[in-house]
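> Under our numbering, read the sequence shown as residues 59 to 303, first letter to last. Next up is a structure, given as structure tokens.
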Amino acid sequence: MKIAIISDIHSNALALDKVLEDIKNFNPDKIFCLGDLILAGYRPNYVCQKILELKEKFKDNFEIIQGNTDKMVANCTPELIQKTKEAFPCMGYSLEEDVKITDKKYIDFVKNLPENKYVEINGLKIQLVHGSPRSQNENIYPELTDETVSEMVKDSKADLILCGHTHKPCGYSLSNGKTVVNAGSVGRSMTKDKMPVYLQLTIDKNGKFFVEHKIVKYNSLEVSKHILARGFKHCEDLAKMFLSE
Ligand SMILES: [Fe+2]
């Protein structure tokens with residue numbers, strides 16, 4: 059059983075297309091998507107449409123949960139825009155524009171997604187979360203201690219917890235027997251080279267699994283230009299995030 063796990067696409071059409079091409083070669087039985095389809099990219103409607111097409115194609119073999127930025131766009135208020143502008147200006151101005159350009163049918167789609175989900179495959183219990191099992195906004199970063207991550211996942215009933223949110227791929231084999239893997243980000247990777255990342259998971263008939271991050275190369279400069287072309291205030295700060303360090 060092969061599963062491709064994607065997360066944090068953030069309206070990045072080019073990154074999604076490149077990752078989906080790579081996933082085609084992997085030829086998975088299932089696809090899981092861990093949320094943050096939209097906010098602060100350049101083609102939210104295209105990305106949502108592609109995800110709905112995958113859902114249609116894979117039917118029961120497609121799982122998706124909501125990310126924190128899906129929720130921000132879906133439940134957006136003038137107060138939230140103001141608060142976000144104060145905390146993180148380019149995100150706040152992007153939010154204001156994204157709410158205007160995203161079709162209502164896609165906003166309704168992300169609004170109604172569950173925050174987390176359990177899936178069982180060959181006896182292996184998997185939990186899909188965006189941040190951590192206890193919060194959509196909690197960060198499972200690289201270089202945390204076993205103790206810290208164990209505390210974050212202690213109420214999960216899963217053997218394997220799959221998360222995203224931080225845009226930084228990482229993984230933990232915890233002393234409590236659980237495995238936690240952060241899939242990284244398709245659309246706004248925070249790795250050094252800013253290249254899209256997704257997960258390839260293989261599970262055997264006894265529930266034993268093997269998981270690895272797959273890096274996909276693409277033209278991040280082109281995406282940076284698309285972001286600049288949107289022209290909202292502080293979009294240059296957002297555009298810079300796509301360029302390698
Ligand atoms: Fe995200």
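Ideal placement from N, C-alpha and C gives every residue a C-beta, glycine not left out.
Would you mind stating whether Leu186 and Leu220 have Cβ atoms separated by less than 9 angstroms?
Reading the sequence shown from its first residue, position 128 is the one you call residue 186. Reading the sequence shown from its first residue, position 162 is the one you call residue 220. Closer than 9 angstroms, so yes.
> By the DSSP assignment, the alpha helix (DSSP H) with Gly242 in it spans what residues?
Counting from one through the sequence shown, the residue named residue 242 turns up at place 184. Looking at the DSSP string, Gly242 is not in any alpha helix (DSSP H), and its letter there is neither H nor E.
> Is the closest heavy atom of ligand 1 to the C-beta of Asp156 under 8 angstroms?
For the purposes of this step, residue 156 is identified with residue 98 of the sequence shown, where counting begins at 1. Asp156 Cβ: outside cutoff for every heavy atom of ligand 1.
> Exposed or buried, Ala145, counting other C-beta atoms within 10 Å across all chains shown (16 or more means buried)?
Taking the sequence shown and counting its residues from 1, one reaches residue 145 at position 87. It counts as exposed.
> Could you give the distance in angstroms between the alpha-carbon of Ala297 and the alpha-carbon of Ile61?
Translated into positions along the sequence shown, residue 297 becomes position 239. Translated into positions along the sequence shown, residue 61 becomes position 3. Cα-Cα distance, rounded: 31 angstroms.
> If I measure Cβ to Cβ from Thr142 and keep anything under 7 angstroms in the same chain, skipping five residues before and after, which residues do I get?
To locate residue 142, count along the sequence shown from 1; it is residue 84. The answer, listed in chain order, is Met149, Gly150, Leu153.
> What residues are listed by DSSP as bridge partners for Ser193?
To locate residue 193, count along the sequence shown from 1; it is residue 135. Note: Ser193 sits in a beta bridge opposite Ser190.
> Measuring CB to CB, does Val244 end up less than 9 angstroms from Tyr256?
Residue 244 sits at position 186 when you count from the first residue of the sequence shown. Residue 256 sits at position 198 when you count from the first residue of the sequence shown. Cβ atoms of Val244 and Tyr256: closer than 9 angstroms.
> Per the contact definition of three or more C-beta pairs closer than 8 angstroms, is the region 111-129 in contact with the region 268-277?
The region 268-277 is not in contact with the region 111-129.
> If we ignore side chains and look at the alpha-carbon of each, how far apart do Gly222 and Tyr276 end up?
The count along the sequence shown starts at 1 and reaches residue 222 at position 164. The count along the sequence shown starts at 1 and reaches residue 276 at position 218. Spanning the two alpha carbons is a distance of roughly 20 angstroms.
> So which of Leu97, Asn103, Val131, Lys88 has the shortest CA-CA distance to Leu112?
On the sequence shown, position 54 is the one that residue 112 refers to. The residue with the shortest Cα to Cα distance from Leu112 is Lys88.
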